[in-house]
Structure formats: structure tokens, C-alpha cells
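J.:
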Amino acid sequence: MKNKFLATVFLTSFGICSLNAESIGMFEAYSMALNNSHEAKSLDYQLQADEELVSQAYSQILPQVTTQMAKINVKEKVNSKYSSVGQIEQDVTDKTINLSQVIFNADLFTRIDVEKSRVDIMKAEKGLQKQELAKKVFNGYLEILKSKNKIELNNSYLKYNEYNLLSMEKKHQMDLASKMDYLETKVEYNNARVELRKEEDLLNANILEFKNLIGSDNFELASFDTTKKINVVVDDINRSIANVDNMYSNMLIKKSESTAAFHKSEMNNAMSKHLPTFDFEASYSKYDIDNPSSDYNNDNRKQFMFVFRLPLFQGGYALSKTRESKMRYKSAMEDLEDIKAKTNIDYEKYKSVFDSSMKMLPLYQESLENAVLFKESIEQGHSFGLKSIIDVYEANNKVYEIKYEYLDNLYELIDAYVNLLILTNNFDDLRMVDLLIAKY
């Protein structure tokens, strides 16, 4: 009884929005999932941290100013040949300000490019995470709609088998049908019940997973509109596919390009360690001395220096680091070519599925219209006593079968479309999917 009640709840909720639940489209569900994603928030923080590394790299080439103050106690033993004073003691306060400025330091200059490339990689990583989340949301959305569509079909098929079993039972009682025919019909009826229960359990699991994904319990998914106006939207979708660039905006390609650029900048940074550095340094010191008779020879001191440093031997570190970065750069370039090839293959695969589903769409629409007309004629025949109730349920089940196939084809079209948009990083056009949805 409890299971029957749950089944009734599921069927009632199909196409009818709860009074307290909000009907949401696919893109809205994706936005909710993005706000709920801890991984997305983590990548945001990582990106901000990497951007700070760029600021830190820039800070190294700006003027560096420091100040210091020291209290010095000096005790000097005086040579008796020059003075009769045996020892001089004095307290000195040293106040110094230092300035240093990089004039040429290729290591610091190229480090900026390294950190910028790291940020580009993280931006691509964030884009990929958004794509994976979009796939999860759209797939989860479609799986729920598929389950509801399948439950509609299974309910129709169960109703048909129920009346067929009742009819067969009467025929068997009147010896108009064999026991084998009766048992075969009963097996079909029980199988229909099992399939319905399995699909209801699957719907339960899909809804629970989707709730966790978007972080909300209070929602109702809309369904796809099966009226004629869908053709206009699908035509717009088809045109949007025809105008996209299938290569250079792909996030995997962008990440691979950023990774290659990162290793190239690392290689340049490693090579720069062989180069000399040139810096300007200046300091000003003021001394306060408590012993005016002291011969401390400076009240203040100004110092200016141009410092030239040339690395002569570093144990082979810079050379080894250069070779390492060069190999990593070559590896990244090979990965880039591989990803480009796979992206083209995936694009052609999804485009083929999309085109095939597009061609099948008007055929399924025509079949659905004919099935509805056929069902109406059977119902009319039944009203005149020319057709049995089983004929009516059989015709009704045929409508649901064609509707199921029609919607399944539409789901394939939408799935291919979403994958094409994700491949080309065209998130703006994801909103077009919601134009196919009938909100309640």
C-alpha cells in the first residue's frame, strides 16, 4: 500500500508543480549548483591566491626601502704610544635608511611571466570545473525527465496489461483461452509492475542526487514542450551550432596552451639564471655619540653603489633546470596536439548525433500526431461498441510509446547540443535549452 501511494505521488507530480515548489529550468539549476559547489569556491580562492603570486613577483622589481636603528656600545683600548688614556668607552646610536632598486635582473623579470601563466592555468581549470558541473546538472536533469517519461509509458503499459489480464481471466474461465495463454498474460502483467517499480526507484535516486547537486529540496523540474512551436526553437539552436568555433575556445585546449606557456616561461626563467644582474643601492646613516671627546670619525655617512653580479658557477643547477623546463614544454606541446585532435573527434561525434536527432524530430512529431488520431478513432469506436476497452488501452499505450521515443530523441538532441556548447565553451547559448521547456 505504501509503495502504491509513493507511485501515485510521483505520477501526480509529473507535469504538475507543487504549490510550494519552484519550477526551474536547466540553466537556473546550473546556476544553483554553481553557487552550491564547494569545489567551485575552492578554485575561486586558489585563483585569488595565484593572482597574489603575480603581485609578489612585481613587488620584487620595485624599490626596496628599509630602515634600521642600532644602539652600539664601543670600548677601545688606546695605544699608549699615542695617548695616556688607557681605554675609551662610548655609546653610539646608528640610524640608517637603505634603498635598493633593480636595474636589470632577468630572473625577477621572467618570474612575472611564470606567475601570469600559472594564473592562466588556474582560470582554465576553473572553466573546466564549470563545464563538468554543467554536464552533471544537465545530465541529472535529463535523467529525471527520462525516468518520468518512462514511468508514464510503464503506467500505460501496466494499465493495458491489467485489462488484458482481466479479459484473459474471463476467457479462461469460459474455456475460450488456455491456461498457458492466461499465465503468459499474467507474466506480462507482473513484468510491467516490476519495470514500473524499478523506474520509480531510479527516479527516487536521481532526484536525491540532483537535490544534493543544486543544494535545494524545494524545486520541481519543468518538462519539454511537445507542441509544434518546438521546431522554431530547434531551428534557432541549429543555427547557433553552425556559427560556433569548434576548436580554439575549448577549455581543455586553453588549459593545455596555458600549461605549455607556463613551461616555456619557466624555461626562460631558468636560462636567465646564467645572466648578470645590475642593481642600485644607497644608504644614509646618522650617528649620535654620547662622548664628544671621542674620535669617532663620522657624524653621518652617505653611500651610493652600483652593484654588478655575474654568476660563474652554480653547480649545474641553472643548466639542469633549463633542460627540465624544455622537456616539460615539449611534453605540453604534444599534449596540446593530442587534445586538439580529440576535441575535433568529439565535436564531429556530437554534431553527428545532433544532426541525426534533428532529422528524426519531424518524423516523431508526425508519428505522435497520427498515434493520437488513431487513439481518438479507437475511443470513438469504443463509444459505439465497435472496439473493446483493451483496444482503447492498447491504442493509448501506443501513444505513450511514440511519445517516449519522441522525447528520448529530443533528450539525445539536447544532450548533444549541450556537449557541443561545452566543447566550444559557449555557455551563453546554454540558456536556449530552457526555451524548449514548458514551465508550469
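Those letters in the sequence shown? Residues -21 to -1, 1 to 419, per mature numbering (1 follows the signal peptide of the UniProt record, and there is no 0), in order.
Cβ coordinates follow ideal geometry from the N, Cα and C atoms, glycine included.
Secondary structure at Ala156, three-state DSSP: helix, strand or coil?
T.: Looking at Ala156 - three-state DSSP - the assignment turns out to be coil, as it is neither helix nor strand.
J.: For Asp70, report the span of its beta strand (DSSP E) as first-last.
T.: Residues 66 to 83.
J.: What are the uninterrupted segments assigned as beta strand (DSSP E) that are 3 or more residues long and contained completely in the segment 307 to 372, given in chain order?
T.: For the segment 307 to 372, not a single whole beta strand (DSSP E) run of length 3 or above is found.
J.: Alpha carbon to alpha carbon, how far is Phe241 from Asp23?
T.: Answer to the nearest angstrom: the Cα atoms are 20 Å apart.
J.: Per the DSSP calculation, Asn52 is bridged to which residue(s)?
T.: Its beta-bridge partners are Asp70.
J.: For Asp196, does the three-state DSSP call read helix, strand or coil?
T.: In the structure shown, Asp196 sits in coil (DSSP, three-state: anything other than H, G, I, E or B).
J.: With distance defined between alpha-carbon atoms, name the residue in Ala239, Glu174, Asn118, Val116 nearest to Ser304.
T.: It is Ala239 whose Cα lies nearest to the Cα of Ser304.
J.: Excluding the five sequence neighbours on either side, which residues of its own chain have a C-beta within less than 6 Å of the C-beta of Tyr136, listed in chain order?
T.: Excluding sequence neighbours, Tyr136 sits near Ala171, Asn376.
J.: To the nearest angstrom, how far is the alpha carbon of Val412 from that of Asn229?
T.: Each residue's alpha carbon lies about 20 Å from the other.
J.: For the beta strand (DSSP E) containing Phe259, list its first residue and its last residue.
T.: Where Phe259 is concerned, the enclosing beta strand (DSSP E) stretches over 256 to 268.
J.: In the DSSP assignment, find the beta strand (DSSP E) that holds Phe406 and state where it starts and stops.
T.: From DSSP, Phe406 is part of no beta strand (DSSP E); its letter is neither H nor E.
J.: Kindly give me the distance between the Cβ atoms of Leu87 and Ile40, rounded to whole angstroms, as I take these residues to be in contact under 8 Å.
T.: The pair is a contact, with the Cβ atoms about 5 Å apart (cut-off 8 Å).
J.: Taking the DSSP output, what are the residues bridged to residue 433?
T.: Nothing about residue 433 can be reported from this structure: the residues present for the chain run from -21 to 419 only.
J.: Using only the alpha-carbon positions, how far apart do Leu32 and Glu380 sit?
T.: So the two alpha carbons sit approximately 59 Å from each other.
J.: Is Met284 near the ligand FAD - that is, is its Cβ less than 8 Å away from at least one heavy atom of it?
T.: Here there are no bound small molecules, and the ligand FAD is not part of this structure.
J.: Evaluate the contact criterion for the segment 355 to 369 versus the segment 384 to 397: three or more CB pairs, one atom per stretch, below 8 Å.
T.: These segments do not touch.
J.: Ser235 and Ile318 - do their beta-carbons sit closer together than 9 Å?
T.: In this structure, Ser235 lies closer than 9 Å to Ile318 by Cβ.
J.: Spatial neighbours of Asp314 within its chain, please: CB distance less than 6 Å, with the 5 preceding and 5 following residues excluded, ordered by chain position.
T.: Same-chain partners within the cutoff: Ser235.
J.: Mind checking whether Asn405 and Ser195 have CB atoms under 9 Å apart?
T.: No, the Cβ-Cβ distance between Asn405 and Ser195 is not below 9 Å.
J.: If you count every other CB in all the chains shown that lies within 10 Å of the CB of Leu(-3), and 16 or more means buried, which is it?
T.: Residue confidence is low: Leu(-3) scores 45 on pLDDT, short of 50, so the model does not pin down where it sits. Its coordinate-derived value is still stated next. It counts as exposed.
J.: If contact is defined by three or more beta carbon pairs under 8 Å, each pair taking one atom from either stretch, is the segment 337 to 348 in contact with the segment 112 to 131?
T.: No, the segment 112 to 131 is not in contact with the segment 337 to 348.
J.: On the DSSP letters alone, give me the boundaries of the alpha helix (DSSP H) that Val33 sits inside.
T.: Segment 17 to 38, the alpha helix (DSSP H) holding Val33.
J.: Kindly indicate which residue of Leu392, Ala311, Phe83 has the alpha-carbon position closest to the one of Ser244.
T.: Looking at the Cα atoms, Ala311 is the closest of the given residues.
J.: Which of the three DSSP states is assigned to Gln293 in this structure?
T.: Three-state DSSP puts Gln293 in coil, outside helix and strand.
J.: Nearest by alpha-carbon distance to Ser299: which of Thr256, Tyr266, Ser251 is it?
T.: The candidate whose alpha carbon is nearest that of Ser299 is Ser251.
J.: Indicate whether Glu94 and Ala36 have their beta-carbon atoms separated by less than 9 Å.
T.: Taking 9 Å as the Cβ cut-off, Glu94 and Ala36 qualify as a contacting pair.
J.: Name, in chain order, the residues that DSSP records as bridge partners for Arg288.
T.: Answer is Thr256, bridged to Arg288.
J.: Write down the C-beta distance between Arg90 and Asp29 rounded to the nearest angstrom, noting that I regard them as a contact closer than 8 Å.
T.: Actually they do not touch by this definition, with Cβ atoms about 13 Å apart.
J.: With a CB to CB cut of under 8 Å and the five nearest residues on each side skipped, what residues in its chain are close to Ala19?
T.: So the list reads Leu13, Lys105, Gln108, Lys109, Leu112, once near-sequence residues are dropped.
J.: Whole angstroms is fine: what's the gap from Ile193's alpha carbon to Ser362's?
T.: Their backbone Cα atoms lie some 49 Å apart in a straight line.
J.: Do Glu179 and Ile130 come within 9 Å of each other at the CB atom, strictly closer than that value?
T.: Yes, they are a contact pair.
J.: Whole angstroms are fine: how far does the CA of Lys330 sit from the CA of Leu399?
T.: Between Leu399 and Lys330, the C-alpha separation is close to 7 Å.
J.: Which class does Tyr136 belong to by DSSP, given the choice of helix, strand or coil?
T.: If DSSP states are grouped into helix, strand and coil, Tyr136 belongs with the helices.
J.: Near Glu167, what residues of its chain come up, given a Cβ to Cβ distance below 6 Å and the 5 sequence neighbours on each side ignored?
T.: Answer for Glu167: Asn140, listed in chain order.
J.: Consult DSSP for Ser244 and reduce its assignment to one of helix, strand or coil.
T.: If DSSP states are grouped into helix, strand and coil, Ser244 belongs with the helices.
J.: Buried or exposed: Val397, going by 16 or more other Cβ atoms within 10 Å of its Cβ?
T.: Burial call: buried.
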